[in-house]
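There are 2 protein chains.
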Amino acid sequence: MKRPTLIDVGREAGVSAITVSRALREPEKVSKALRDRISKAIDKLGYVPNPAAASLASNRSSIIAVLVPSFSNNVFSDVLSGTNAVLEKTGYSIQIANTGYNPIAEEGMIRKFVSLSPAGVIIAGVDQTAASRKMLKDVDCPVVQIMDITDDPVDVIVGFSNFDAAATSVEHMVAQGYRRIAFVGTRMDPRTQQRMAGYEAVMRKHQLYDASLFITTPQKSSVEIGRHLLAGLLDKVPDCDGVFCNNDDVAVGIALECQRRNLAVPEAFGICGFNDLGTTSQMNPAITSVYTPRVEIGERAAQYIIDRNAGHPKPEVRNIDLGFTLKVRASTLRTGTG
Amino acid sequence: MKRPTLIDVGREAGVSAITVSRALREPEKVSKALRDRISKAIDKLGYVPNPAAASLASNRSSIIAVLVPSFSNNVFSDVLSGTNAVLEKTGYSIQIANTGYNPIAEEGMIRKFVSLSPAGVIIAGVDQTAASRKMLKDVDCPVVQIMDITDDPVDVIVGFSNFDAAATSVEHMVAQGYRRIAFVGTRMDPRTQQRMAGYEAVMRKHQLYDASLFITTPQKSSVEIGRHLLAGLLDKVPDCDGVFCNNDDVAVGIALECQRRNLAVPEAFGICGFNDLGTTSQMNPAITSVYTPRVEIGERAAQYIIDRNAGHPKPEVRNIDLGFTLKVRASTLRTGTG
DNA sequence: TTGACAAATGATTGCGCAATCATTTAGCAA
DNA sequence: TTGCTAAATGATTGCGCAATCATTTGTCAA
Numbered sequence: 001m002k003r004p005t006l007i008d009v010g011r012e013a014g015v016s017a018i019t020v021s022r023a024l025r026e027p028e029k030v031s032k033a034l035r036d037r038i039s040k041a042i043d044k045l046g047y048v049p050n051p052a053a054a055s056l057a058s059n060r061s062s063i064i065a066v067l068v069p070s071f072s073n074n075v076f077s078d079v080l081s082g083t084n085a086v087l088e089k090t091g092y093s094i095q096i097a098n099t100g101y102n103p104i105a106e107e108g109m110i111r112k113f114v115s116l117s118p119a120g121v122i123i124a125g126v127d128q129t130a131a132s133r134k135m136l137k138d139v140d141c142p143v144v145q146i147m148d149i150t151d152d153p154v155d156v157i158v159g160f161s162n163f164d165a166a167a168t169s170v171e172h173m174v175a176q177g178y179r180r181i182a183f184v185g186t187r188m189d190p191r192t193q194q195r196m197a198g199y200e201a202v203m204r205k206h207q208l209y210d211a212s213l214f215i216t217t218p219q220k221s222s223v224e225i226g227r228h229l230l231a232g233l234l235d236k237v238p239d240c241d242g243v244f245c246n247n248d249d250v251a252v253g254i255a256l257e258c259q260r261r262n263l264a265v266p267e268a269f270g271i272c273g274f275n276d277l278g279t280t281s282q283m284n285p286a287i288t289s290v291y292t293p294r295v296e297i298g299e300r301a302a303q304y305i306i307d308r309n310a311g312h313p314k315p316e317v318r319n320i321d322l323g324f325t326l327k328v329r330a331s332t333l334r335t336g337t338g
Numbered sequence: 001m002k003r004p005t006l007i008d009v010g011r012e013a014g015v016s017a018i019t020v021s022r023a024l025r026e027p028e029k030v031s032k033a034l035r036d037r038i039s040k041a042i043d044k045l046g047y048v049p050n051p052a053a054a055s056l057a058s059n060r061s062s063i064i065a066v067l068v069p070s071f072s073n074n075v076f077s078d079v080l081s082g083t084n085a086v087l088e089k090t091g092y093s094i095q096i097a098n099t100g101y102n103p104i105a106e107e108g109m110i111r112k113f114v115s116l117s118p119a120g121v122i123i124a125g126v127d128q129t130a131a132s133r134k135m136l137k138d139v140d141c142p143v144v145q146i147m148d149i150t151d152d153p154v155d156v157i158v159g160f161s162n163f164d165a166a167a168t169s170v171e172h173m174v175a176q177g178y179r180r181i182a183f184v185g186t187r188m189d190p191r192t193q194q195r196m197a198g199y200e201a202v203m204r205k206h207q208l209y210d211a212s213l214f215i216t217t218p219q220k221s222s223v224e225i226g227r228h229l230l231a232g233l234l235d236k237v238p239d240c241d242g243v244f245c246n247n248d249d250v251a252v253g254i255a256l257e258c259q260r261r262n263l264a265v266p267e268a269f270g271i272c273g274f275n276d277l278g279t280t281s282q283m284n285p286a287i288t289s290v291y292t293p294r295v296e297i298g299e300r301a302a303q304y305i306i307d308r309n310a311g312h313p314k315p316e317v318r319n320i321d322l323g324f325t326l327k328v329r330a331s332t333l334r335t336g337t338g
């Protein structure tokens, strides 16, 4: 009562094992009559292919490796949803790893994944170690970096400019008359740092730069940490009149703390979030945020892998910028200014 | 320049391939001297085991299959974080699938996973189809159901009673003097329905049951949907004086809509959430919610699989109830009552 | 009818490893 | 020393499949 093999199916259908194998992988090369008999035999025996044997024989697997820095960050669960939506109708399966924002840990995970001969790799960011980058260059499958943009991807990159997204947001706040705009940053991963750089560039351009306006913490972002950071900010910079946050939950926490302190938003204090995760738009007042195309990034990354493995050539444009959208809402809209 | 095999390592170290294999899997059976030589050879050649070959030869893989109904639901990302934290130090890898709350789709995913000879299966809930259940019974590895509790798990179950959690919450609200308590349910998956049943039992017990107090939608829960549902609820049941929500984001949306309508919480209207995802505790006023041990569930499930595969016997207690904690906060605390 | 060629099908082999069984070496009591 | 046992190491085999090459069958023009 052991699991049937291709040979068993072949015997049942009266054909050789390799014909069954072909019927499954290249059905157009097998006659209709045999395909039908084989299909019946498969159903009768309950045959299911053995992926390990297939992988060993062909030296490639149907596993797509996805490396993200966090599972709990909604940004990456959205990416994963997009990737999964595209892949679930295919024969690929998703193997995930959580790098924990640690490039050294990431390197080990890449090494492990590469040993699987994956069908594709999706990895967040561009800040891999040199060794990681080399492994990704050498692995014989499509590699998609995501959530960022660069002219020099390992293979291709699908994302947006964190720098530009931050700069656009801060420009908007400046246009609305905010002057003492703080940067609130959590975790301080590479993409947060790029947002910080975008913030800094705009502040300097308008001669509003002030080093004391940076409020950062290595802790992960959360509503709670947002509340605490606002308290610290107002102690440190009493004349602060707005914040650009590196993530929405921090912005929500800050907005809630403003409510508690009766700090008038947007009149006395402007708030801008990042990622537009859904809660910001529902707050009182609604909070301005930068929408980032996370689900679409996941989808496009998966689709690229499917296409390349189906024989499509490597595209000319290897950095696919899906952009972002500043969702201007009440929290930064001061009537009579701008 | 192809990838080295056990034979290559053996040649380099001056031993046979099988000794290298043993040194990696059962080091205590290989002398220290050889272990050192082998270890050096592995480093020198950059040997990495081929999991497909290992799986084919041994008829078991080191893949742990995790089936969850949603990636974007924070509940399951927390579970995954816990599972990952336990597994990442081990040789296991995690392969995930999103069942989309669809038992038929789930069945196909189980079939696929079973074909991998997984080292373990973690699956949300107890509402698998008969065919799914049979496959899970037959698969030769530990199977952990999670997020629920039952006397009759496939193998073991790690979770809590959704019914009891809801009942405890509603009892609290009744004790605080709320009478026209609505149930707000989104998605209406099996666990939500158990919460609804817990709500109903308590309402009936206190003779407060009223069919018009059920507000449900098949849509996924979100802050936005919570706001809309409150509007519908107040239209339908103007004398409603509180809600028990099946998820925190709905509760947050309802609280924000109450702010907008100047509906006094907790005096005129009580709000209780579910899962205690973090934002509820930061709201103004803070929202009561049921903390559920999601991360711990993920950890325990992973640890069980590790232990069983290490030879531990099946435990006597096969339903591991990790309980829940009602976090009573301002949104349901009426002074002078209860 | 024949021959040439394409389409369809089959036989053989090896992927890299672990299970199994066989052999050698080490340790030690008598 | 001998003889015995346990520990350490090795040789052989097959897991289930796909790559490669070989063979058969079908098709059609001349």
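One line per chain: the protein sequences are B and P, in this order. Taking this note's numbering, the leading residue of the first sequence gets 1, the next gets one more, and so forth. Taking this note's numbering, the leading residue of the second sequence gets 1, the next gets one more, and so forth. By construction, the Cβ of each residue, glycine as well, lies at the ideal position given by its N, Cα and C atoms.
Item: Between the Cα of Lys327(P) and those of Val184(P), Val126(P), Asp276(P) and Met203(P), spot the shortest distance and give me the residue it belongs to.; Value: Asp276(P)
Item: Keeping to the same chain, check which residues put their C-beta closer than 6 Å to that of Thr332(P); ignore five residues upstream and five downstream.; Value: Met173, Gln176, Pro266, Gly270, Cys272 and Thr288
Item: Inspect the CB distances between the segment 124-140 of chain P and the segment 99-106 of chain P and report whether three or more fall short of 8 Å.; Value: yes
Item: Answer with yes or no whether the minimum CB distance from Gly278(P) to chain B is below 7 Å.; Value: yes
Item: What would DSSP say about Gln259(P), mapped onto helix, strand or coil?; Value: helix
Item: Spatial neighbours of Gly10(B) within its chain, please: C-beta separation below 7 Å, excluding the five flanking residues on both sides.; Value: Ser16, Ala17, Thr19 and Val20
Item: Pairs of beta-carbons, one from the segment 220-240 of chain B and one from the segment 244-258 of chain P, closer than 8 Å: are there three or more?; Value: no
Item: Return the chain-ordered ranges of every alpha helix (DSSP H) run that is complete within the segment 42-85 of chain P and spans a minimum of 4 residues.; Value: 51-58
Item: In terms of residues, what are the limits of the beta strand (DSSP E) holding Lys327(B)?; Value: Thr325 to Lys327
Item: Using the Cα positions of Val144(P) and Leu230(B), report the straight-line distance between them to the nearest angstrom.; Value: 43 Å
Item: Below 9 Å on C-beta distance, what does Ala166(P) contact in chain B?; Value: Chain B residues near Ala166(P): none, gap ~24 Å exceeds 9 Å.
Item: Should Gln194(B) go down as buried or exposed, given a rule of 16 or more other Cβ atoms within 10 Å for buried?; Value: buried
Item: Less than 7 Å between the beta carbons of Val30(B) and Ala23(B), yes or no?; Value: yes
Item: Where Thr216(B) and Tyr199(B) are concerned, what is the direct C-alpha to C-alpha distance, given to the nearest angstrom?; Value: 13 Å
Item: Quickly, what does DSSP pair Ile96(B) with across the bridge? List them, please.; Value: Val66(B) and Ile94(P)
Item: At a CB-CB cut-off below 9 Å, which residues of chain P make contact with Leu67(B)?; Value: Chain P residues near Leu67(B): none, gap ~12 Å exceeds 9 Å.
Item: Just to confirm my understanding: we take Ala85(B), look at its own chain, exclude 5 residues before and 5 after, and list those with CB closer than 7 Å. What are they?; Value: Glu299
Item: Quick one: what's Ala124(B) bridged to in DSSP?; Value: Ile146(B)
Item: Per DSSP, Thr216(B) is paired with what?; Value: Gly185(B)
Item: The beta strand (DSSP E) spanning Tyr291(P) covers which residue range?; Value: Ser289 to Tyr291
Item: What first and last residue would you give for the alpha helix (DSSP H) that runs through Asp152(P)?; Value: Looking at the DSSP string, Asp152(P) is not in any alpha helix (DSSP H), and its letter there is neither H nor E.
Item: Against chain B, does Leu116(P) count as a neighbour if the rule is that its beta carbon must be under 7 Å from one of theirs?; Value: yes
Item: Here's the rule I'm using: 16 or more other beta-carbon atoms within 10 Å means buried, otherwise exposed. How should Glu28(P) be labelled?; Value: exposed
Item: CA-CA distance, Val68(P) and Ser81(P)?; Value: 13 Å
Item: So with Cβ pairs under 7 Å, would you call Ala130(P) a contact of chain B?; Value: no
Item: Note the first and the last residue of the continuous beta strand (DSSP E) segment covering Phe244(P).; Value: Gly242 to Cys245
Item: Quick one: does Ile306(P) have its CB under 7 Å from some CB of chain B?; Value: no
Item: What is the residue span of the beta strand (DSSP E) that Asp340(P) lies within?; Value: Missing from the structure shown is residue 340(P); chain P here goes from 1 to 338 and no further.
Item: Beta strand (DSSP E) containing Asp321(B): first to last residue?; Value: Asn319 to Asp321
Item: Grouping DSSP H, G and I as helix and E and B as strand, with all else coil, what is Gly338(B)?; Value: Legend: pLDDT at Gly338(B) = 42, less than 50; position of this residue unreliable, no value from coordinates given.
Item: Give every residue of the same chain whose Cβ lies closer than 7 Å to the Cβ of Arg334(B), excluding the five residues on either side of it in the sequence, and list them in chain order.; Value: Gln176, Gly177, Pro266 and Glu267
Item: On the premise that Ala119(B) lies in contact with Ser58(B), defined as a C-beta separation below 8 Å, what is that separation, rounded to the nearest angstrom?; Value: That pair is no contact at about 11 Å.
Item: On the criterion of 16 or more Cβ atoms from any shown chain inside 10 Å, does Gly14(B) qualify as buried, or is it exposed?; Value: exposed
Item: Compute the Euclidean distance between the alpha carbons of Ile181(B) and Asp241(B), then round it to the nearest angstrom.; Value: 6 Å
Item: Is the shortest distance between the beta-carbon of Glu296(B) and the beta-carbons of chain P less than 7 Å?; Value: no
Item: Just grab the DSSP bridge partners of Gly159(B) for me.; Value: Asp321(B)
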